[in-house]
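*Asks:* In the working numbering, the protein residues as written are 527 to 594.
1) So, is residue 563 buried or exposed, given that buried needs 16 or more other C-beta atoms within 10 angstroms?
2) Residue 540 lies in the alpha helix (DSSP H); which residues open and close that run?
3) Going by beta carbon distance, what residues of the same chain come within less than 8 Å of residue 581, once the five residues before and after it are set aside?
4) Within its chain, find whatever has a CB closer than 6 Å to the CB of residue 560; leave out the 5 residues flanking it on each side and keep chain order.
5) What is the DSSP secondary structure of residue 562, reduced to helix, strand or coil?
Here is the structure:
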């Protein structure tokens with residue numbers, strides 16, 4: 527399923543995920559690097575957490591934020 531969704535990029539995506547996972551568990555890497563790798567792994571597995579945004583202005587309808 528993953529390879530079908532990613533097409534030609536599947537192998538690179540898997541390599542990138544493995545790289546982040548290995549870096550996250552590397553005791554010789556700096557803590558900030560390990561933490562950044564852990565965040566990337568978590569974001570890929572469970573998705574990014576919900577973020578609140580504030581709006582000030584005159585729009586009275588619904589606002590939809592789309593992140594690319």
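Glycine included, each C-beta is placed from N, C-alpha and C at the ideal position.
*Replies:* Working from what's here:
1) As a first step, residue 563 must be located in the chain shown, where it is residue number 37. Classification for residue 563: buried.
2) Counting from 1 along the chain shown, the entry for residue 540 is found at position 14. Element bounds for residue 540: 536–550.
3) Along the chain shown, one-based indexing puts residue 581 at 55. Same-chain partners within the cutoff: 589.
4) Along the chain shown, read from residue 1 onward, the residue named residue 560 stands at position 34. Result list for residue 560: 550, in chain order.
5) On the chain shown, residue 562 is found 36 positions in, with the first residue counted as 1. In the structure shown, residue 562 sits in a helix (DSSP, three-state: H, G or I).
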